[in-house]
Amino acid sequence: TDNETILLSGNQIMSECDYCGQENAEIEINNQFFHNECYSNFLKESERKKVSKCTGFILIVLSFWVVIGSLITGYFMLLNILATILLLTLFILWFWRSLTLNKRQE
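Under UniProt numbering, think of the first position of the sequence shown as 1, with each following residue one higher.
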């Protein structure tokens, strides 16, 4: 803040946090600067993104399996319809969750 006097020792460099944009970042990792709580938030968000990408990939693979399975084997129609309904529900939930995560980040 403008009104506070910031005292720095000789080896401490005042740098801007890459997560929140405030001054006095305490941690430097790979030329990125963070406050302690900002770094933990950054790790949580990157973990969520990895899980979200994995879930989306698994759902896409499963939906292709259901579609191809229903084309090849027509006599398992009821099973394929139930599996399709389940996968569509999971996909909609995953998509809705990723949208809410994106809104929270903005």
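Backbone N, C-alpha and C define an ideal beta-carbon position, used for all residues, glycine too. These numbers were taken from a predicted model, which means no experiment stands behind them.
Taking DSSP as the reference, what is the three-state secondary structure of E28? strand
Of the residues Y39, K44, E47, which one's Cα is nearest the Cα of N30? Y39
Measure the C-alpha to C-alpha separation of E16 and N24 and round it to an integer number of angstroms. A straight-line Cα-Cα distance of about 6 Å links E16 and N24.
In chain order, what residues of the same chain have a beta carbon less than 6 Å from the beta carbon of F34, not counting five sequence neighbours either side? C17, Y19, A25, I27
Are there any heavy atoms of the ligand ADP lying less than 7 Å away from the beta-carbon of I92, as far as the coordinates show? The model on display carries no ligand, and the ligand ADP is accordingly not part of it.
Output needed for G56: all residues of its chain with C-beta closer than 7 Å, excluding positions within five of it in sequence on either side, in chain order. W94
For the region 61-68 against the region 78-88, do three or more pairs of beta-carbon atoms, one drawn from each stretch, fall closer than 8 Å, so that the two count as touching? yes
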